[in-house]
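Notes follow the structure.
2 protein chains.
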Amino acid sequence: MLSGVQNIEEGPAPATAEGPEPMFDLIELLFFAYRDFVADPDRILENIGFGRAHHRVLHFVDRQPGLTIAELLDILRITKQSLSRVLKELLDQNYVEQRAGVSDRRQRLLYPTNEGRRLARDLARLQTERFTQALSTLGPDARPAAIAFLLGMIDPQEREKVSQLVWRTEPPGGQRTEL
Amino acid sequence: MLSGVQNIEEGPAPATAEGPEPMFDLIELLFFAYRDFVADPDRILENIGFGRAHHRVLHFVDRQPGLTIAELLDILRITKQSLSRVLKELLDQNYVEQRAGVSDRRQRLLYPTNEGRRLARDLARLQTERFTQALSTLGPDARPAAIAFLLGMIDPQEREKVSQLVWRTEPPGGQRTEL
DNA sequence: TGAAATATGTCAATATCGCTGACATAAAGG
DNA sequence: CCTTTATGTCAGCGATATTGACATATTTCA
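Those protein sequences? They're chains A and B, same order as listed. Heads up, the first sequence is in my numbering, so the first residue is 1 and it goes up one at a time. Heads up, the second sequence is in my numbering, so the first residue is 1 and it goes up one at a time.
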């Protein structure tokens, strides 16, 4: 019931002169899945004049209170100029606040306000509902499998950093960077 | 080895006053996975002055030769003005060509040129390699499971249409829209 | 046959979110 | 003290999306 993906035959994809057949189904499904995944937050954000960029910033500030600008730039991989506009709006409208660093007073440590935390959590819950839906049709070990699958999609040299960001500890199953 | 995702305890997420705990790990992993997933094509596309928008158009034209403008707009969910610029460049640089519809001569049927087909397939193979990597660490039924997972992430009312687009037939496993 | 609907094109203005380059400031650190 | 670091800011630009309005060819239907 979980097989029958190709309705002709199973086994390795037919190798032609151009190499293995592309996995068009996964490519397109990921495209559509991601589109719907971000559409939920987008609908809420546009009511308050925010966009996806605001969501990303708010999300990681909520997840890691005390985040510095430099750390945020490293996570988002955007320039400080791009960040600054978005962050300014989040600060002005009181979704995020900043305090000077304790050991290094040049640093701006970012914290969500109560309102910011509430919004971030609302959006996270929306997206969680979608995951719950998607996992509900699958077996009981679907969630760790999904986690392993998505982690495997990330650049190998990035996995360690991402794992620490996500779990603040080891990758699940003590998975190493070796693959 | 596949469990141990939460290093405290398994079972249903602790329900607080704010509802179930968000699946921060899946949310963030999907964010990073998608970012790396599109980064591969981006690197190649920028060498020839194209962007993600060109990729999307070329991909679906390659997958469905004879696609009309209206169908393409419906798939991409953008306005015709947005499509027109991108499509114009693909036509001008001979990655896509158009022919008048046979039964309806108002329609522009879009076809990939040989060069367009080659580029589309090169990009699809790049993304397929990433999927191959991600699936290689998992069990033999990981691919149908991944397909079911991603399909489950898509809006229920969209699944039928997406399935037809992806497989030009039924959803895998004869899955219905009912969930 | 003539009017309305359809498929598509195009012009103009605007928004979001990314970029580069250049320069400023305050704090840290040898 | 001088250099490096963390961050801010001004100015301009580019890709990709939007809305609104209007044009053209073709099909469809009363």
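Just so it is clear, CB atoms sit at the ideal spot from N, CA and C, and this is done for glycine as well. Small disclaimer: the values here were computed from a predicted structure and weren't measured.
query = Which residue's Cα is closest to the Cα of residue 137/A: 144/B, 50/B and 38/B?
reply = Start at 1 with the first residue of the first sequence, and residue 137/A comes out as number 137. The closest CA to that of residue 137/A, considering only 144/B, 50/B and 38/B, is found on 144/B.
key: Residue-level contact to chain A via CB, residue 83/B, 8 Å cutoff   = Sequence index remark: in the second sequence, residue 83/B carries index 83 (1-based). By this cut-off, residue 83/B is not an interface position.
query = Residues of chain A with CB under 7 Å from residue 67/B, in chain order?
reply = Along the second sequence, one-based indexing puts residue 67/B at 67. Under a criterion of Cβ atoms nearer than 7 Å, no residue of chain A is adjacent to residue 67/B; the nearest Cβ is some 14 Å distant.
request  = Quick one: give me the first and last residue of the alpha helix (DSSP H) that residue 29/B is part of.
outcome  = The residue you call residue 29/B lines up with position 29 of the second sequence. Residue 29/B: member of the alpha helix (DSSP H) spanning 24-47, first to last residue.
message = Among the candidates 19/A, 26/A and 18/A, whose CA atom is the shortest distance from the CA of residue 130/B?
response = Translated into the one-based positions of the second sequence, residue 130/B becomes position 130. It is 26/A.
message = I need the boundaries of the beta strand (DSSP E) containing residue 112/B, first residue and last residue.
response = To locate residue 112/B, count along the second sequence from 1; it is residue 112. According to the DSSP assignment, residue 112/B belongs to the beta strand (DSSP E) that extends over 108-112.
ask   = Who are the Cβ neighbours of residue 68/B in its own chain at under 8 Å, not counting the five residues just before and after it?
value = If you number the second sequence from 1, residue 68/B lands on position 68. For residue 68/B, where only same-chain residues beyond five positions count, the Cβ hits under 8 Å are 101, 107, 108, 109 and 110.
ask   = Which partner residues does residue 18/B have in the DSSP bridge list?
value = If you number the second sequence from 1, residue 18/B lands on position 18. None; residue 18/B has no bridge partner.
task = Would you kindly work out how many angstroms separate the C-alpha atoms of residue 48/A and residue 87/A, rounded to a whole number?
result = As a first step, residue 48/A is located in the first sequence; it is residue number 48 there, counting from the start. As a first step, residue 87/A is located in the first sequence; it is residue number 87 there, counting from the start. Taking the straight line from one Cα to the other gives about 15 Å.
message = Distance cutoff 8 Å, beta carbons only. Does residue 86/B sit that close to anything in chain A?
response = Locating residue 86/B in the second sequence gives position 86, counting from the first residue. With a threshold of 8 Å between beta carbons, residue 86/B makes no contact with chain A.
Residue 165/B beta carbon less than 8 Å from that of residue 41/B = One-based indexing of the second sequence puts residue 41/B at position 41. One-based indexing of the second sequence puts residue 165/B at position 165. Taking 8 Å as the Cβ cut-off, residue 41/B and residue 165/B do not qualify as a contacting pair.
key: alpha helix (DSSP H) segment containing residue 93/B, residue limits   = Locating residue 93/B in the second sequence gives position 93, counting from the first residue. Residue 93/B -> no alpha helix (DSSP H), and no H or E assigned at all.
ask   = If we count Cβ pairs, one from each stretch, closer than 8 Å, do we get three or more for the region 31-38 of chain A versus the region 148-168 of chain B?
value = Taking 8 Å as the limit for Cβ pairs, the verdict is that the region 148-168 of chain B does touch the region 31-38 of chain A.
request  = Classify residue 28/B as buried or exposed, calling it buried when 16 or more other Cβ atoms lie within 10 Å of its own Cβ.
outcome  = In the second sequence, residue 28/B corresponds to position 28, counting from 1. Buried, since its Cβ has 16 or more Cβ neighbours within 10 Å.
inquiry  = Which complete alpha helix (DSSP H) runs does the region 104-173 of chain A hold, if anything under 4 residues is left out?
reply    = Runs of the alpha helix (DSSP H) spanning 4 or more residues and lying entirely within the region 104-173 of chain A occur at 114-136, 142-153 and 156-167, in chain order.
request  = Compare the C-beta of residue 160/B against all C-beta atoms of chain A and say whether one is closer than 8 Å.
outcome  = Position 160 of the second sequence, counting from 1, holds the residue named residue 160/B. No, no contact with chain A.
request  = For residue 52/A, go through chain B and note every residue whose CB falls closer than 9 Å to its CB, in chain order.
outcome  = Your numbering for residue 52/A matches position 52 in the first sequence. Going along chain B, no residue has its Cβ under 9 Å from residue 52/A, so there is no contact; the nearest lies around 11 Å.
ask   = residue 36/B CB to nearest chain A CB: under 8 Å?
value = Taking the second sequence and counting its residues from 1, one reaches residue 36/B at position 36. For residue 36/B, the answer is yes, since a Cβ of chain A falls inside 8 Å of its Cβ.
request  = Verify the CB distance criterion: does residue 164/B have a CB-CB separation below 8 Å to chain A?
outcome  = As a position in the second sequence, residue 164/B is number 164, starting the count at 1. No, residue 164/B lies away from the interface with chain A (no Cβ there is under 8 Å from its Cβ).
key: Listed by chain order, chain A residues near residue 138/B by CB distance under 8 Å   = Mapped onto the second sequence, residue 138/B falls at position 138. Within 8 Å Cβ-Cβ: 145, 148, 149 and 152.
task = Could you confirm whether any beta carbon from chain A is found closer than 8 Å to the beta carbon of residue 78/B?
result = Within the second sequence, numbered from 1, the residue matching residue 78/B stands at position 78. Chain A contact via Cβ: absent.
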